[in-house]
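A.B. asks: Please see the structure below; I have some questions.
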Amino acid sequence: MSLFGRIFLLNALVLVVAAALLVFGPATVSTPALSREVLVLASGLVVMLIANAVLIRVGLAPLGRLTRAMTTIDLLKPGPRLQATGHGEIAELITTFNSMIDRLEAERGYSSAIALSAQESERRRVAQELHDEVGQSLTAVLLSLKRVADQSPQETREELLQVQETTRSTLDEIRRIARRLRPGVLEELGLVSALKALTNEISEPTGLAIRRRFDKNLPPLDAETELVVYRVAQEGLTNTIRHSGADEAELSLKARPSQVELTIRDNGRGIGTSQEGAGIRGMRERALLVGADLEVGAAPGRGTEVRLTVKAKGAGE
1 MSLFGRIFLL NALVLVVAAA LLVFGPATVS TPALSREVLV LASGLVVMLI
51 ANAVLIRVGL APLGRLTRAM TTIDLLKPGP RLQATGHGEI AELITTFNSM
101 IDRLEAERGY SSAIALSAQE SERRRVAQEL HDEVGQSLTA VLLSLKRVAD
151 QSPQETREEL LQVQETTRST LDEIRRIARR LRPGVLEELG LVSALKALTN
201 EISEPTGLAI RRRFDKNLPP LDAETELVVY RVAQEGLTNT IRHSGADEAE
251 LSLKARPSQV ELTIRDNGRG IGTSQEGAGI RGMRERALLV GADLEVGAAP
301 GRGTEVRLTV KAKGAGE
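Residue numbers (UniProt numbering): 1 to 317.
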């Protein structure tokens with residue numbers, strides 16, 4: 001039965017009952033109406049309205065749940081679908097809404113996969129150009145400066161040596177940026193070695209003390225999942241440096257049954273009630289690409305905790 005038909009039937013039922021009571025009941029209405037009769041009619045009207053409101057409220061309750069779901073849904077935080085309770089058009093509406101969310105999540109995942117793949121390709125290209133073009137050019141400049149400094153008088157040589165040191169520092173910084181854009185260690189030595197190199201690169205210039213804990217015999221991960229774990233760790237530590245005000249952090253990689261769990265915890269000011277920024281939403285998009293679970297919240301005691309749980313290679317197939 002349609003929604004209109006159900007509401008019409010409920011109202012008709014209440015009116016029929018009221019009319020039957022009026023016709024077959026002992027109550028009558030005088031002209032002019034007595035106060036006793038007005039009281040009886042008012043009481044009957046109140047009962048009718050209450051009954052009508054209760055029946056309609058029960059019938060439209062699923063629409064209230066659907067409205068709350070529409071206002072709180074987040075495609076980056078998949079959750080359980082609404083149960084298609086109710087009758088007729090209401091159940092059909094909830095089923096259609098669930099199907100729409102499924103399509104939107106699939107389309108967003110596909111679009112995110114294309115965007116992140118293009119982003120990684122662009123990072124590799126930029127890193128390669130920094131290493132091959134800019135790096136080689138600066139290396140040639142260093143050699144030229146050294147040759148000129150060796151042939152220059154003493155008063156000029158000191159200035160050339162300072163320029164040489166500045167150029168060498170710039171070359172080191174460019175190499176560091178290239179490594180962060182394209183983690184070659186990840187491809188060559190694996191995830192654990194890449195995370196160790198990442199923590200060393202972050203802690204040395206910033207002074208952030210990072211404790212590392214890596215379980216032995218971690219389940220194997222495919223290449224895409226390892227890249228997601230690395231990028232989430234990179235973004236999590238970057239957010240710790242930029243926003244938390246922490247001086248200590250912990251990065252751990254733990255083995256779970258058919259899963260690997262990455263945890264980043266700091267002793268900073270915490271995330272509080274602030275809204276999630278582009279960094280956290282980017283981590284969520286990466287997690288969705290490999291079917292991982294990402295939780296960002298307050299750490300036990302103080303600070304912020306980022307927890308990423310990914311499936312091991314072959315798990316769930």
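Beta carbons: idealized from backbone N, C-alpha and C, even for Gly.
Quick check on Gln164: buried or exposed, where buried means 16 or more other Cβ atoms within 10 Å of its Cβ?
C.D. replies: Buried is the call here.
A.B. asks: Scan the stretch 116 to 180 and note each continuous alpha helix (DSSP H) run of 4 residues or more that stays entirely inside, going in chain order.
C.D. replies: Fully enclosed alpha helix (DSSP H) runs of 4 or longer: 135 to 151.
A.B. asks: Using beta-carbon positions only, say whether Leu237 and Leu227 come within less than 9 Å of one another.
C.D. replies: No, the Cβ-Cβ distance between Leu237 and Leu227 is not below 9 Å.
A.B. asks: Pick out whichever of Leu45, Ala91, Leu160 and Pro153 has its Cα sitting closest to the Cα of Ala61.
C.D. replies: Taking only the C-alpha atoms, the option nearest Ala61 is Ala91.
A.B. asks: Do Arg182 and Ala127 come within 9 Å of each other at the CB atom, strictly closer than that value?
C.D. replies: The answer is yes: Cβ separation under 9 Å.
A.B. asks: In angstroms with no decimal places, state the Cα-to-Cα distance between Ile50 and Gly64.
C.D. replies: Those two C-alpha atoms are separated by around 19 Å.
A.B. asks: May I ask you to report which of helix, strand or coil DSSP gives Ser43?
C.D. replies: If DSSP states are grouped into helix, strand and coil, Ser43 belongs with the helices.
A.B. asks: How about Val310 and Gly291: are their beta carbons less than 9 Å apart?
C.D. replies: Cβ atoms of Val310 and Gly291: closer than 9 Å.
A.B. asks: Exposed or buried, which one is Tyr110 when buried takes at least 16 other CB atoms within 10 Å?
C.D. replies: So Tyr110 counts as exposed.
A.B. asks: By the DSSP assignment, the alpha helix (DSSP H) with Glu295 in it spans what residues?
C.D. replies: First-last for Glu295: Asp293 to Ala298, but that is the beta strand (DSSP E), not the alpha helix (DSSP H).
A.B. asks: Is Asp247 buried or exposed, if buried means 16 or more other CB atoms sit within 10 Å of its CB?
C.D. replies: Per the 10 Å Cβ criterion, exposed.
A.B. asks: Tell me whether Val16 is buried or exposed, calling it buried when 16 or more other Cβ atoms sit within 10 Å of its Cβ.
C.D. replies: With fewer than 16 Cβ atoms within 10 Å of its Cβ, Val16 is classed as exposed.
A.B. asks: Using only CA atoms, which one of Ser144, Leu116, Gly268 and Thr225 lies nearest to Val260?
C.D. replies: Ranking Ser144, Leu116, Gly268 and Thr225 by Cα distance to Val260 puts Thr225 first.
A.B. asks: Counting only beta-carbon atoms, is Leu189 nearer than 9 Å to chain D?
C.D. replies: In the structure shown, chain D does not exist; there is a single protein chain.
A.B. asks: The beta strand (DSSP E) spanning Arg212 covers which residue range?
C.D. replies: Run containing Arg212: Ala209 to Phe214, per the beta strand (DSSP E) assignment.
A.B. asks: Is Leu253 closer than 9 Å to Leu218 when the C-beta atoms are compared?
C.D. replies: Contact flag set, yes.
A.B. asks: Is the beta carbon of Glu235 sitting closer than 9 Å to the one on Gly279?
C.D. replies: It is a contact, given that the beta carbons lie within the stated cut-off.
A.B. asks: Could you please give the first and the last residue of the uninterrupted beta strand (DSSP E) stretch that includes Arg265?
C.D. replies: Run containing Arg265: Gln259 to Asp266, per the beta strand (DSSP E) assignment.
A.B. asks: Is any non-hydrogen atom of the ligand NAD found closer than 8 Å to the C-beta of Val38, if you look at the structure I gave you?
C.D. replies: The ligand NAD is absent from the structure shown, which contains no ligands of any kind.
A.B. asks: Quick one: what does DSSP say Val17 is sitting in, helix, strand or coil?
C.D. replies: Helix at Val17.
A.B. asks: Tell me whether Glu285 is buried or exposed, calling it buried when 16 or more other Cβ atoms sit within 10 Å of its Cβ.
C.D. replies: Counting Cβ neighbours within 10 Å, Glu285 comes out buried, since at least 16 surround it.
A.B. asks: In this structure, does DSSP put Lys254 in helix, strand or coil?
C.D. replies: DSSP places Lys254 in strand when its eight states are reduced to three.
A.B. asks: Can you have a look at Arg6 and say buried or exposed, based on whether 16 or more other CB atoms are within 10 angstroms of its CB?
C.D. replies: Buried, since its Cβ has 16 or more Cβ neighbours within 10 Å.
A.B. asks: Which value, in whole angstroms, describes the spacing of the CA atoms of Thr240 and Ala69?
C.D. replies: So the two alpha carbons sit approximately 32 Å from each other.
A.B. asks: Using a Cβ-Cβ cut-off of 8 Å (strictly less than) and excluding sequence neighbours within five positions of Gln83, which residues of its own chain qualify?
C.D. replies: Around Gln83: Ile94.
A.B. asks: Applying the criterion that 16 or more other CB atoms from any shown protein chain within 10 Å of the CB defines a buried residue, is Arg103 buried or exposed?
C.D. replies: Exposed, by the Cβ-count rule.
A.B. asks: Does the distance from the C-beta atom of Arg108 to that of Gly135 stay below 9 Å?
C.D. replies: Contact flag unset, no.
A.B. asks: Under the rule that 16 or more other beta-carbon atoms within 10 Å means buried, what is Asn267, buried or exposed?
C.D. replies: Counting Cβ neighbours within 10 Å, Asn267 comes out buried, since at least 16 surround it.
A.B. asks: Among Leu116, Thr304 and Ile202, which has the Cα closest to the Cα of Glu276?
C.D. replies: Measuring from the Cα of Glu276, the nearest candidate turns out to be Thr304.
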